């Protein structure tokens with residue numbers, strides 16, 4: 001196939017090879033897994049590869065991204081393609097971002113909850129925007145036809161629908177059936193209930209889809225979260241009040257018993273704050289039965305299952321009644337019923353474990369939680385990947401590619417790591433010897449030494465610096481060692497339990513200083529600023545990585561390691577413990593290089609990164625630039641000075 005869909009006059013380095021590799025793999029019914037740095041031009045390359053194939057085979061391209069900005073970016077690139085050949089597409093946000101109904105607009109809810117509330121509103125004839133679609137059928141059709149002929153943004157639809165007082169989501173459904181490319185969140189394709197609704201909306205089966213997964217390193221965690229469930233003692237107390245309000249004595253009696261079981265288990269397992277314990281299927285159900293033996297009787301299971309069905313019916317009644325009162329149609333009785341159903345369904349399945357934990361709420365109050373923890377992404381991912389026509393997995397941080405393929409469950413994978421798109425003068429990695437946050441070395445003296453080196457970096461670097469620590473404990477260690485007092489640049493500190501609005505303001509203020517004398521963003525690896533944020537140009541000239549973010553050896557981590565040891569013999573600790581930490585490390589390290597023109601330094605303040613066991617999992621485009629320097633402040637400052645000498 002030719003490159004007639006590539007819209008630009010010239011290819012960047014390796015882009016043409018990327019296009020050929022994706023096309024050849026898909027034609028051979030292989031699923032390419034590709035690591036290429038941000039700035040490579042992966043979006044336009046993968047579109048140029050997939051579009052001619054989709055056109056020839058009559059397939060749709062579904063392009064999954066993490067953020068709304070990335071979804072719109074896909075359409076912006078498609079608009080460039082549209083200047084050369086006729087092409088169509090649309091970006092779609094979550095239902096909660098595309099809805100005009102006040103119940104959904106004014107309440108914080110995820111996409112699945114928004115779908116549930118939307119269906120309820122329509123069934124009860126409580127959505128004027130949906131009702132208006134019937135009266136304005138011709139106008140809706142006109143919008144659908146117009147936007148189906150070109151690449152469009154979901155915001156274009158929302159803007160038109162606000163003017164017409166119509167449901168944007170219904171209009172989008174008409175567009176989806178007729179466009180070649182859809183960019184959307186992962187939830188549309190991997191959440192089972194949302195997927196069924198989405199496929200029905202686009203009028204396609206999975207086999208009709210070429211699936212592109214951008215930032216694919218997120219898929220494992222997303223799938224595990226989708227397969228897991230959690231219930232707090234707060235939900236039970238709220239559900240008890242709900243059952244009293246709606247005069248459901250049977251439900252109320254059961255929920256009071258459920259509350260007592262929570263307290264009983266806390267006492268028996270002697271949980272302190274921030275502790276958790278793995279429990280069994282029987283630990284919950286035998287206590288609910290009032291029988292502490294090792295077995296749950298079949299008769300009790302039958303009684304409980306009948307009660308679950310009844311509680312769901314009551315929950316639906318509560319939701320409808322709240323809707324009539326123009327309140328958020330949430331039911332904690334319904335939530336508890338689905339949780340118990342999931343607890344029941346996970347029994348005997350080695351890829352799940354049950355957990356009891358004592359933790360703190362955002363208001364710093366003690367709470368108890370029961371959890372059903374999925375240990376394997378594959379029950380979620382293979383529902384999709386086994387049935388799509390083909391899938392392309394790409395990210396700047398996927399190595400080792402074989403491990404990603406194993407854990408996600410990809411059949412017929414094809415592996416490719418592309419070289420760095422960055423000029424050797426624009427990227428440098430430094431690993432400093434003599435410092436580490438390894439537990440046995442973590443003390444006041446070590447924190448002071450790390451802080452001293454961090455201050456040398458801050459004072460030697462033009463404009464903004466990002467410092468990402470392996471944990472909040474390490475972050476506090478730097479603060480206690482006086483980093484804020486010693487820095488000649490203002491510090492913007494990411495705090496535990498910061499809400500998204502607070503965090504957005506923090507990052508915005510930090511970025512503002514890039515046009516002045518610079519600032520420091522102090523956060524944690526695995527946090528939203530180390531994984532979701534982009535800091536091109538002077539917004540972050542240097543990333544400092546403090547520590548390696550190995551998780552505390554909690555019962556859930558042990559369960560994950562033991563499970564992977566069984567299914568991937570000999571790789572349990574690597575897949576379940578080491579690799580997730582190395583991926584977080586890599587994600588944080590790549591924050592400053594977002595454009596090919598970006599010149600930025602990456603400094604690892606932990607000598608463990610010099611060990612090949614860690615460094616082999618760092619992306620090749622960073623790994624190739626790594627230099628190990630001795631424990632000398634003068635040498636570190638000199639290396640930084642030389643790197644930034646030609647910086648403008």
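Residue numbers (our numbering): 1 to 648.
Note that the Cβ used here is the ideal one computed from N, Cα and C, for glycine as well.
Computed from a predicted model, the values in this text were never measured in an experiment.
Please name the residue in the options whose C-alpha comes closest to that of residue i.
| i | options | result |
| --- | --- | --- |
| residue 325 | 121, 241, 526 and 281 | 121 |
| residue 549 | 97, 582 and 624 | 582 |
| residue 617 | 217, 292 and 198 | 217 |
| residue 42 | 29, 551, 27 and 78 | 78 |
| residue 356 | 301, 293, 284 and 297 | 284 |
| residue 174 | 165, 141 and 523 | 141 |
| residue 7 | 239, 85 and 607 | 85 |
| residue 243 | 300, 57, 335 and 296 | 335 |
| residue 410 | 394, 385 and 164 | 385 |
| residue 256 | 237, 470 and 195 | 237 |
| residue 29 | 557, 642, 412 and 596 | 412 |
| residue 25 | 389, 366, 272 and 341 | 389 |
| residue 290 | 449, 612, 475 and 264 | 264 |
| residue 301 | 329, 341 and 489 | 341 |
| residue 492 | 481, 269 and 508 | 508 |
| residue 222 | 372, 247, 211 and 187 | 187 |
| residue 372 | 349, 362 and 394 | 349 |
What distance in whole Å lies between the Cβ atoms of residue j and residue i, which are believed to be in contact at a cut-off of 8 angstroms?
| i | j | result |
| --- | --- | --- |
| residue 59 | residue 209 | 6 angstroms |
| residue 63 | residue 81 | Contact flag wrong, Cβ pair sits at about 13 angstroms. |
| residue 593 | residue 38 | 6 angstroms |
| residue 584 | residue 498 | About 18 angstroms separates the two Cβ atoms, so there is no contact after all. |
| residue 396 | residue 17 | Rounded, the Cβ-Cβ distance is 17 angstroms, inconsistent with contact. |
| residue 381 | residue 190 | 7 angstroms |
| residue 112 | residue 194 | 6 angstroms |
| residue 134 | residue 273 | About 55 angstroms; that fails the 8 angstroms criterion. |
| residue 27 | residue 49 | Not confirmed; about 10 angstroms, so no contact. |
| residue 358 | residue 271 | 4 angstroms |
Determine the direct distance from the alpha carbon of residue j to that of residue i, and round the result to whole angstroms.
| i | j | result |
| --- | --- | --- |
| residue 332 | residue 322 | 12 angstroms |
| residue 515 | residue 180 | 41 angstroms |
| residue 214 | residue 183 | 10 angstroms |
| residue 392 | residue 531 | 21 angstroms |
| residue 231 | residue 370 | 5 angstroms |
| residue 305 | residue 153 | 45 angstroms |
| residue 418 | residue 433 | 29 angstroms |
| residue 161 | residue 83 | 27 angstroms |
| residue 56 | residue 155 | 30 angstroms |
| residue 658 | residue 404 | No answer is possible for residue 658: the residues shown for the chain start at 1 and end at 648. |
| residue 239 | residue 496 | 29 angstroms |
| residue 580 | residue 407 | 11 angstroms |
| residue 379 | residue 586 | 27 angstroms |
| residue 177 | residue 309 | 36 angstroms |
| residue 641 | residue 510 | 23 angstroms |
| residue 651 | residue 552 | Absent from the model: residue 651. The displayed extent of the chain is 1 to 648, so no value can be given. |
| residue 327 | residue 4 | 53 angstroms |
| residue 574 | residue 590 | 22 angstroms |
| residue 527 | residue 438 | 20 angstroms |
| residue 143 | residue 129 | 15 angstroms |
Return the chain-ordered list of same chain residues with a C-beta closer than 7 angstroms to the C-beta of residue i, the five sequence neighbours on each side being excluded.
| i | result |
| --- | --- |
| residue 374 | 224, 227, 228, 351 and 352 |
| residue 463 | 514, 518, 538 and 541 |
| residue 254 | 307 |
| residue 560 | 375 and 576 |
| residue 294 | 282 |
| residue 649 | Not covered by the structure: residue 649. The range shown for the chain is 1 to 648. |
Near residue i, what residues of its chain come up, given a Cβ to Cβ distance below 6 angstroms and the 5 sequence neighbours on each side ignored?
| i | result |
| --- | --- |
| residue 68 | 93 |
| residue 610 | 431 and 628 |
| residue 429 | 602, 622, 625 and 626 |
| residue 21 | 416 |
| residue 72 | 91 and 153 |
| residue 414 | 25, 30 and 32 |
| residue 633 | 456 |
For residue i, I'd like the list of residues in its chain whose CB is within less than 8 angstroms of its CB, leaving aside the five on either flank, ordered along the chain.
| i | result |
| --- | --- |
| residue 600 | 426, 427, 540, 541, 542, 543, 592 and 593 |
| residue 199 | 205 and 206 |
| residue 421 | 12, 13, 14, 36, 37, 39, 40, 41, 596 and 621 |
| residue 648 | In this predicted model, residue 648 has a pLDDT of only 49, less than 50, meaning its place in the structure is not dependable; the value taken from the coordinates is given anyway. There are no such residues. |
| residue 316 | 331 and 334 |
| residue 454 | 467, 478, 483, 544, 546 and 605 |
| residue 292 | 286 |
| residue 132 | 164, 165, 166 and 167 |
Exercise for review: Pair every Cβ in the segment 444 to 463 with every Cβ in the segment 500 to 509, then say whether three or more of these pairs are closer than 8 angstroms.
Suggested key: no
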